Amino acid sequence: MRGDTHLMVKFMNENIFREYDIRGIASTDLTDDVVLLIGKAFGYYLSQNNQKIMSISGDIRYTTNRIKKAFINGVISQGIDVCDLGVLPTPVNYFSLHNTEISNSVQITGSHNPSEYNGLKISFNKKPFYGKDIKVLKNLIKKNNFKPCYKLGEISNYNILDDYYNYIMNHFKINKKIKVVMDCGNAAGCIIAPKIYKDIGVDLYELYCDTNADFPNHHPDPTVDDNLQDMIDIIRKNKYDLGIAFDGDADRIVAVDHKGNIVRADILLSVLLTNIIKPNDTVIYDVKCSKSLEDTIKTLKAKPIMWKTGHSLIKNKMIETNSKIGGEMSGHIFFADNYFGYDDGIYVGLRLIELLIKLNKSLYDCVKSIPKYISTPEIRIDCNSDEEKIFVTKKLIKYFANKYECNTIDGVRISYNDGWALIRSSNTQPVIVCRFESNSIENLNNIKNEIFNKIKEFGEFDINEF
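For the sequence shown, our numbering assigns the number 5 to the initial residue and increments by one for each residue that follows.
What follows is the structure, given as structure tokens:
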């Protein structure tokens, strides 16, 4: 490795070690030297846990291949074998954990973040690797006490994409014509999603379904309404039944109905669980989700469990509670009834199509049966740094927790008589995340104004646009 290892550790940005993945700006935070150390740490961790092999894959970003190579070099330096699965959407990486004998993996992906970002989503023993486990890697790097290894691990290759394709084709049959617009955002979903949908029998309009790491049409984050506008226009003009959009690594999904209405993931989850859940089943969802979801779960006599935001956190909570389905406002939806319990936007889209055909109803009609509240999308307030984000959020939590009934499992979700408000720190960017919901526009604005006024007291933020 170039330079002195201790010097590399000294200048490593420790903020890349987040709650449920490792992520940062590729050119400055995820240099070859830093990634090599992360690879060494994970390789050492595997060896200490009697593991001999892991798999790795990555998305389409320009920096992904470089990061993947540096990580592999670190892992094999600890005597661990690596199976390179190539360029994949993240869900196909997860699929490999359940359909090969390799139970550990890393996906190199920037997900929905801006193009200068990249990161690592880690799985160990078929489960999410997050929280204290990620801190273990950071501490291993800081101690720099890796074992001497006299035999490098070996590198192999495997084409898991064909296995994934065959699995999906064997588990879905579309027996009715349905017209769907798919927006892959020029990202990793392009690799396999359009082929699967067309081969299954969907009448598919492909929007931005060719890979382009510059993301020339819009950023691959379907939770931003503006990014869905081209798809909405096509649906309205051409009478399509449904629109689906994936994020940068295709583990998240947002849907649009035939009238061009955006169906946010919490409402989409409300629709999907109605055909799965039985009395006393548990449903896991994050703190950003609408009360509509809680109402729907209770109507089905099931048990709603609100949990922390984060794909790893939700997946692990589902394992703990033996839940059949769960999801997040951000678009991660997890099926564990007839699937493996991980977030797969491609699979979720097919389950939605399958349900609509079975019910012989439009998504619009399905949504009409869900309890309605007036809510905002996820509002993201930029901070100058992660330190500022954390400092301001802590002050806000303390203030509102002393004034109102609050849930502080993840940030603070403030309960009002006529709605709720959420304030939390993003785990992926220097951003404060807010969401608001109420039973009327007037009450919603009153809640929002109170929160925003207090945020402005604690920091210099430009929130007039919201």
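Yeah, the Cβ is synthetic: ideal placement off N, Cα and C, and Gly gets one too. The model shown is predicted, which means the values in this text are computed figures rather than measured ones.
Check	Outcome
Distance CB(Ser-334)-CB(Thr-412) smaller than 8 Å	no
Spatial distance of Ala-217 from Gln-111 (CA atoms)	17 Å
Rounded C-alpha distance that separates Gly-463 from Glu-391	12 Å
Beta-carbon proximity of Ser-316 to Leu-297, cut-off 8 Å	no
Residue range of the alpha helix (DSSP H) that includes Thr-68	68 to 80
Span separating the alpha-carbon of Lys-147 from that of Lys-131	26 Å
Heavy atom of the ligand ADP within 7 Å of Asn-108 beta-carbon	This structure lacks the ligand ADP; in fact it carries no ligand of any kind.
Neighbour-count burial assignment, Lys-319, 16 or more Cβ in a 10 Å radius	buried
Top-ranked residue by Cα proximity to Val-437, from Asn-443, Ala-425, Ser-444	Ala-425
Of the residues Ala-249, Asp-347, Phe-404, Asn-17, the one placed nearest Ile-418, counting alpha carbons only	Phe-404
Ranges of the alpha helix (DSSP H) found wholly within the segment 270 to 354, counting only runs of at least 4	295 to 303, 315 to 325
For Val-396, the first and last residue of its enclosing alpha helix (DSSP H)	390 to 405
Buried or exposed by the 16-neighbour rule on C-beta atoms within 10 Å, applied to Thr-32	exposed
Asp-225 vs Leu-367 beta-carbon contact at 8 Å	no
CB of Leu-246 within 8 Å of CB of Val-291, strictly	no
Nearest to Gly-353 (by Cα), restricted to the options Glu-382, Val-267, Asp-25, Asn-54	Val-267
Beta-bridge partners of Ala-30, as assigned by DSSP	Ala-30 is not bridged to any residue.
Burial state of Glu-542, where buried means 16 or more other Cβ atoms lie within 10 Å	The first residue shown for the chain is 5 and the last is 470, placing residue 542 beyond what the model contains.
Three-state secondary structure assigned by DSSP to Tyr-244	coil
Length-filtered (3 minimum) beta strand (DSSP E) runs lying within the segment 88 to 127	109 to 112
Pairwise C-alpha distance: Ile-427 and Ile-385	10 Å
Rounded C-alpha distance that separates Tyr-420 from Ile-138	36 Å
Gln-433 burial status per 10 Å Cβ neighbour count (16 or more: buried)	buried
Proximity of Tyr-244 and Tyr-212 at Cβ, strictly below 8 Å	no
Three-state secondary structure assigned by DSSP to Met-5	At Met-5 the pLDDT is 42, less than 50, meaning the model places this residue with poor confidence and gives no usable figure here.
Where Val-86 sits in the DSSP three-state scheme	strand
Proximity winner among Tyr-98, Arg-65, Gly-123, Tyr-66, relative to Phe-75 (alpha-carbon distances)	Gly-123
Classification of His-102 by the beta-carbon crowding that lies within 10 angstroms, buried from 16 upward	exposed
For Val-184: DSSP bridge partner residues	Leu-208, Leu-246
Alpha carbon of Ile-4 to alpha carbon of Gln-55, nearest angstrom	It is not possible to answer for residue 4, since the shown part of the chain is limited to 5 through 470.
Other residues of its chain near Asn-406: CB distance less than 7 Å, five sequence neighbours each side excluded	none
Delimiting residues of the beta strand (DSSP E) encompassing Asn-161	159 to 161
Neighbourhood of Asn-279 by C-beta, 6 Å cutoff - its chain only, sequence neighbours within 5 removed	Leu-359
Simplified DSSP assignment, three categories, for Asn-447	helix
Met-173 and Ile-248 closer than 8 Å at C-beta	no
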